[in-house]
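J.: With the working numbering, the residue at position 102 of the sequence shown is 1123, and numbering never jumps.
This is the structure I want to talk about, given as structure tokens.
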Amino acid sequence: MAEYIHKVNPKNGVAILDVQKIDNKLKSGAEFLAKYNPEDILVVCRRENGWKAAKAFAEAIGSKFYVGRYPAGVITNSQLNTFIEPKVMFVADPRGDKNAVKDAYHIGIPVIALC
């Protein structure tokens, strides 16, 4: 994250973000996602404070989503009734969504993550 900090206020330690760098990275992620059909994108968000935004994003683009607990094996176990085959995964928080990220890694699909 340090590369996205413009400067830190020495008096109170508050970091001022470099909005231009963040904007460029968001555009890059959006351009990457635009290469995929919406039905091939899986949006995942474990943390409750991101559920509404993740669901709204997924519905706006027409993709599948999981908010709350990510079901184990949903993209790795073809025997499950809930099995899906996304081509890319978008996660709100790579730490909170670590199980989804691990599953994506195991099957070799790219992950776009916000930090």
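For every residue, glycine included, the Cβ atom is placed at its ideal position computed from N, Cα and C.
1) CA-CA distance, residue 1046 and residue 1030?
2) For the beta strand (DSSP E) that contains residue 1101, what are its first and last residues?
3) Of the residues 1091, 1050, 1092, which one's Cα is nearest the Cα of residue 1131?
4) Unbroken alpha helix (DSSP H) runs of length 4 or more, entirely within the segment 1058-1103: which are they?
5) Thinking just about the alpha-carbon of each residue, which of 1079, 1067, 1034 is nearest to the one in residue 1114?
6) DSSP on residue 1135, reduced to helix/strand/coil?
7) Quick check on residue 1036: does DSSP put it in helix, strand or coil?
8) Using 7 Å as the threshold, is the C-beta distance between residue 1128 and residue 1097 below it?
9) Start and end of the alpha helix (DSSP H) containing residue 1123?
T.: Here's the rundown:
1) 24 Å
2) Here residue 1101 belongs to no beta strand (DSSP E), and DSSP marks it neither H nor E.
3) 1050
4) 1072-1082
5) 1067
6) coil
7) strand
8) yes
9) 1119-1128
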